[in-house]
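J.: Got a structure for you, written out below as structure tokens; questions coming shortly.
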Amino acid sequence: MNQIADVLVIAEQIQTDLQSISLELLGAARQLAGKLGVGVQAIIMGHNIGDIPQTLIHSGADEVFVVDQPELAEYTTLTYRRALITVLESLPRTPHIILCGATTIGRDLAPRIAAYFKTGMTADCTELDIGDYEHKSKVDPSKIGIYHNCLYSIRPSFGESLKARIIGPWRNPQMATARSGAMEPIQPDTSRSGNIVPVKVNFQETDFRVKVIETIRDVASNVDLTKAKVIISGGFGLGGPEGFDIVRDLASVFKDSAVGSSRRGVNAGWISYSHQVGQTGKTVRPELYIALGISGAIQHRVGMGKSKTIIAINKDESAPIFQYAHYGIVGDLFVVVPLLKEQFKKALASAGRG
Ligand SMILES: Cc1cc2nc3c(=O)[nH]c(=O)nc-3n(C[C@H](O)[C@H](O)[C@H](O)COP(=O)(O)OP(=O)(O)OC[C@H]3O[C@@H](n4cnc5c(N)ncnc54)[C@H](O)[C@@H]3O)c2cc1C
77 MNQIADVLVI AEQIQTDLQS ISLELLGAAR QLAGKLGVGV QAIIMGHNIG
127 DIPQTLIHSG ADEVFVVDQP ELAEYTTLTY RRALITVLES LPRTPHIILC
177 GATTIGRDLA PRIAAYFKTG MTADCTELDI GDYEHKSKVD PSKIGIYHNC
227 LYSIRPSFGE SLKARIIGPW RNPQMATARS GAMEPIQPDT SRSGNIVPVK
277 VNFQETDFRV KVIETIRDVA SNVDLTKAKV IISGGFGLGG PEGFDIVRDL
327 ASVFKDSAVG SSRRGVNAGW ISYSHQVGQT GKTVRPELYI ALGISGAIQH
377 RVGMGKSKTI IAINKDESAP IFQYAHYGIV GDLFVVVPLL KEQFKKALAS
427 AGRG
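Each residue of the sequence shown is one higher than the last, beginning at 77 in the working numbering.
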């Protein structure tokens, strides 16, 4: 048996819809597990979750623990915590690493699991890796030494100007949450096989201290920026909520497109938060990202800087976005966008993609 335990992913579904972060985490887990020479486990909780466990296996899990009970139909902190701890306690070995999404649910659940195991956790990672670490600090002499196979949790810090590598090898599980869109899923393979292990949870009365009376889905939050191939984003340069009409108009030219926004656009109340790209919004990496009237602050860049092609339109030639856009147009967006739209339409039509 390998001395190192497996890497475990806490998968996430909302109303039986598997969240893409779960597949991204499995992609990252496969890479980490490959370096450690161990397997990948996943946990999925919910009610009537159908073939989600199979999808997790096709997407990289070797073993999936499933808690499928009516008490888990809606997310509440205490019921999901109970289910998760029941599964983790049933494992013959505590996982070496646990990964969770930096989503609303993940941000609620992961610290509770870390607290339960009295272990460390790094939030909002954008990269994960494995490596060694030599601890020399004399503050706690019992910790001095070389630690192997540590989880390197890498995340932007100090206003995103530095990348911090955070290590906590003293206790397992070593835990991290990862931002949506930051990790790469693997290509699903329907021939992959693995174990699906149902787990029964005995809830306690105290787990139901919070009751969900009604769930109202915000239609606008269905914007799936992380899946769109083309994102047209608008910023404060749009001048008002009606400025987003031109953004939507340009987006309508492309298939698989979505409308994004800078935080200033969202803060001004011009568009809902679900459209926000950046440090406190979504992390995206589309084929094409067009930024209209966005200055390109570092907090915006961390959310879209990995896009394959970035086009920026800004009337200020010294706007920071021109330092990292692949193509820049200096000009008034209200003049440039209609011209650009016609050019894109022609190009897409001649490529048979109009
Ligand atoms: C902790 C923290 C977290 C943050 N998180 C995020 C985040 O997740 N996402 C995010 O985006 N920001 C975030 N921010 C805010 C960020 O620092 C910037 O303030 C914000 O991105 C600026 O938005 P903007 O580019 O739309 O506005 P501005 O910086 O005001 O830029 C507007 C741009 O529009 C141009 N412009 C004006 N009129 C026109 C026109 N007619 N045609 C062409 N160009 C025009 C201007 O030249 C200017 O460059 C965060 C900040 C902090 C402190």
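Quick reminder that beta carbons are idealized off the backbone N, C-alpha and C, glycines included. Everything numeric in this text was worked out from a predicted model, so none of it was measured.
(1) Have a look at T58 and K358 and give me their C-alpha separation to the nearest angstrom.
(2) Consult DSSP for G336 and reduce its assignment to one of helix, strand or coil.
(3) Compare the beta carbon distance of V85 and L175 with 7 angstroms and say whether it is the shorter of the two.
(4) Are the beta-carbon atoms belonging to S431 and Y403 less than 7 angstroms from one another?
(5) From which residue to which residue does the beta strand (DSSP E) around Y192 run?
(6) Could you name the residues that DSSP lists as bridge partners for L175?
(7) Could you pull the DSSP bridge partners for G211 from this structure?
(8) Between G311 and ligand 1, is there a pair consisting of the residue's CB and a ligand heavy atom that are separated by less than 6 angstroms?
(9) Please work out which residues of its chain come closer than 7 angstroms, Cβ to Cβ, to T302, disregarding the five sequence neighbours upstream and downstream, and give them in chain order.
(10) Give the DSSP-derived three-state secondary structure of I370 in the structure shown.
(11) The beta strand (DSSP E) with I307 in it runs from where to where?
(12) To the nearest angstrom, report how far apart A425 and L415 are at their CA atoms.
(13) Suppose you measure from the CA of R268 to the CA of G103; what does that come to, to the nearest Å?
(14) In whole angstroms, what separates the C-alpha of A367 from that of V406?
(15) For the structure I just gave you, are there three or more beta carbon pairs, one from the segment 136 to 146 and one from the segment 216 to 227, closer than 8 angstroms?
(16) Can you list the alpha helix (DSSP H) stretches of 4 or more residues lying completely in the segment 342 to 413, in chain order?
(17) Taking just the CA atoms, how far does I189 sit from I161?
(18) Kindly indicate which three-state DSSP category I97 falls into: helix, strand or coil?
(19) DSSP three-state label for S269, please.
(20) Is T179 near ligand 1, in the sense that its beta carbon is under 6 angstroms from a heavy atom of that ligand?
(21) Quick one: Cα of V116 to Cα of G345, how far?
(22) Have a look at the DSSP bridge pairing and note the partners of L204.
(23) Please name the residue in T131, Q250, N124, W246 whose C-alpha comes closest to that of D216.
(24) Can you tell me whether A334 is buried or exposed, with buried defined as 16 or more other CB within 10 angstroms of its CB?
(25) Following the continuous beta strand (DSSP E) through I133, name the residue where it begins and the one where it ends.
(26) Roughly how many angstroms separate the alpha carbons of G313 and I322, rounded to a whole number?
(27) Answer with buried or exposed for S213, where buried requires no fewer than 16 other C-beta atoms within 10 angstroms of its C-beta.
(28) Taking the alpha carbon of Y156 as the reference point, which residue from V286, I220, T198 has its own alpha carbon closest?
(29) Taking the alpha-carbon positions, what's the A395 to F330 distance?
(30) Start and end of the beta strand (DSSP E) containing F320?
(31) Check whether the Cβ atoms of A327 and I308 sit closer than 7 angstroms, and answer yes or no.
(32) Looking at the secondary structure, which residues open and close the alpha helix (DSSP H) in which V163 lies?
(33) Just verifying my parser: in three-state terms, what is the DSSP assignment at K276?
(34) Is K239 helix, strand or coil by DSSP?
(35) Going by alpha carbons, who is nearest to A401 out of G196, E165, K239, I374?
(36) Taking the beta strand (DSSP E) that V288 falls in, what are its first and last residues?
T.: So, to answer that:
(1) The displayed coordinates of the chain run from 77 to 430. Any statement about residue 58 would go beyond what the structure contains.
(2) Taking the first residue of the sequence shown as 1, we reach residue 336 at position 260. Three-state result, G336: strand.
(3) Indexing the sequence shown from 1 puts residue 85 at position 9. Indexing the sequence shown from 1 puts residue 175 at position 99. Closer than 7 angstroms, so yes.
(4) Outside the shown range of the chain (77 to 430) lies residue 431, about which nothing can therefore be said.
(5) Taking the sequence shown and counting its residues from 1, one reaches residue 192 at position 116. Per DSSP, Y192 belongs to no beta strand (DSSP E); it is in the alpha helix (DSSP H), 180 to 193.
(6) Here residue 175 is taken as the residue at index 99 of the sequence shown, counted from 1. According to DSSP, L175 bridges with V85, A252.
(7) Taking the first residue of the sequence shown as position 1, residue 211 is located at position 135. Per the sequence shown, residue 211 should be read as His rather than Gly. In DSSP, H211 forms a bridge with G221.
(8) One-based indexing of the sequence shown puts residue 311 at position 235. Flag set: Cβ of G311 near ligand 1.
(9) Your numbering for residue 302 matches position 226 in the sequence shown. Closer than 7 angstroms at Cβ, skipping near neighbours: S96, S256, G257, K358, V360.
(10) To locate residue 370, count along the sequence shown from 1; it is residue 294. In this structure, I370 counts as coil in the three-state DSSP scheme.
(11) By 1-based counting over the sequence shown, the position of residue 307 is 231. Per DSSP, I307 belongs to the beta strand (DSSP E) from 306 to 310.
(12) As a position in the sequence shown, residue 425 is number 349, starting the count at 1. As a position in the sequence shown, residue 415 is number 339, starting the count at 1. Rounded to whole angstroms, A425 to L415 spans 16 angstroms at the Cα level.
(13) If you number the sequence shown from 1, residue 268 lands on position 192. If you number the sequence shown from 1, residue 103 lands on position 27. Their Cα atoms are separated by approximately 14 angstroms.
(14) Along the sequence shown, read from residue 1 onward, the residue named residue 367 stands at position 291. Along the sequence shown, read from residue 1 onward, the residue named residue 406 stands at position 330. If you take the alpha carbons of A367 and V406, they lie about 12 angstroms apart.
(15) no
(16) 374 to 380
(17) Taking the first residue of the sequence shown as position 1, residue 161 is located at position 85. Taking the first residue of the sequence shown as position 1, residue 189 is located at position 113. One C-alpha to the other measures close to 7 angstroms.
(18) Numbered from 1 along the sequence shown, position 21 holds the residue referred to as residue 97. Reduced to three states, the DSSP call for I97 is helix.
(19) What you label residue 269 is simply residue 193 of the sequence shown in a count that begins at 1. Here S269 sits in coil by DSSP.
(20) What you label residue 179 is simply residue 103 of the sequence shown in a count that begins at 1. Not so, every heavy atom of ligand 1 lies at least 6 angstroms from the Cβ.
(21) Counting from 1 along the sequence shown, the entry for residue 116 is found at position 40. Counting from 1 along the sequence shown, the entry for residue 345 is found at position 269. Spanning the two alpha carbons is a distance of roughly 42 angstroms.
(22) One-based indexing of the sequence shown puts residue 204 at position 128. According to DSSP, L204 bridges with S229.
(23) As a position in the sequence shown, residue 216 is number 140, starting the count at 1. Of the listed residues, the one whose Cα sits closest to D216 is W246.
(24) Sequence index remark: in the sequence shown, residue 334 carries index 258 (1-based). The residue in question, A334, is buried, as its Cβ has 16 or more Cβ neighbours within 10 Å.
(25) Working through the sequence shown from its first residue, we reach residue 133 at position 57. Element bounds for I133: not the beta strand (DSSP E) but the alpha helix (DSSP H), 128 to 134.
(26) If you number the sequence shown from 1, residue 313 lands on position 237. If you number the sequence shown from 1, residue 322 lands on position 246. Looking at the two C-alpha atoms, the distance is approximately 12 angstroms.
(27) For the purposes of this step, residue 213 is taken as residue 137 along the sequence shown, with counting starting at 1. Flag for S213 reads exposed.
(28) Numbered from its first residue, the sequence shown carries residue 156 at position 80. With distances taken between Cα atoms, Y156 lies closest to V286.
(29) Against the sequence shown, residue 395 aligns to sequence position 319. Against the sequence shown, residue 330 aligns to sequence position 254. Distance between the alpha carbons of A395 and F330: 26 angstroms.
(30) Residue numbering aside, residue 320 sits at position 244 when the sequence shown is read from its first letter. F320 -> not in any beta strand (DSSP E); alpha helix (DSSP H) instead, spanning 320 to 327.
(31) Counting from 1 along the sequence shown, the entry for residue 327 is found at position 251. Counting from 1 along the sequence shown, the entry for residue 308 is found at position 232. Cβ atoms of A327 and I308: closer than 7 angstroms.
(32) The residue you call residue 163 lines up with position 87 of the sequence shown. Counting along the chain, the alpha helix (DSSP H) containing V163 begins and ends at 153 to 166.
(33) Working through the sequence shown from its first residue, we reach residue 276 at position 200. Note: K276 maps to coil in three-state DSSP.
(34) The residue you call residue 239 lines up with position 163 of the sequence shown. Strand at K239.
(35) To locate residue 401, count along the sequence shown from 1; it is residue 325. For the residues G196, E165, K239, I374, the minimum Cα distance to A401 belongs to I374.
(36) Position 212 of the sequence shown, counted from the first residue, corresponds to residue 288. V288 -> no beta strand (DSSP E), and no H or E assigned at all.
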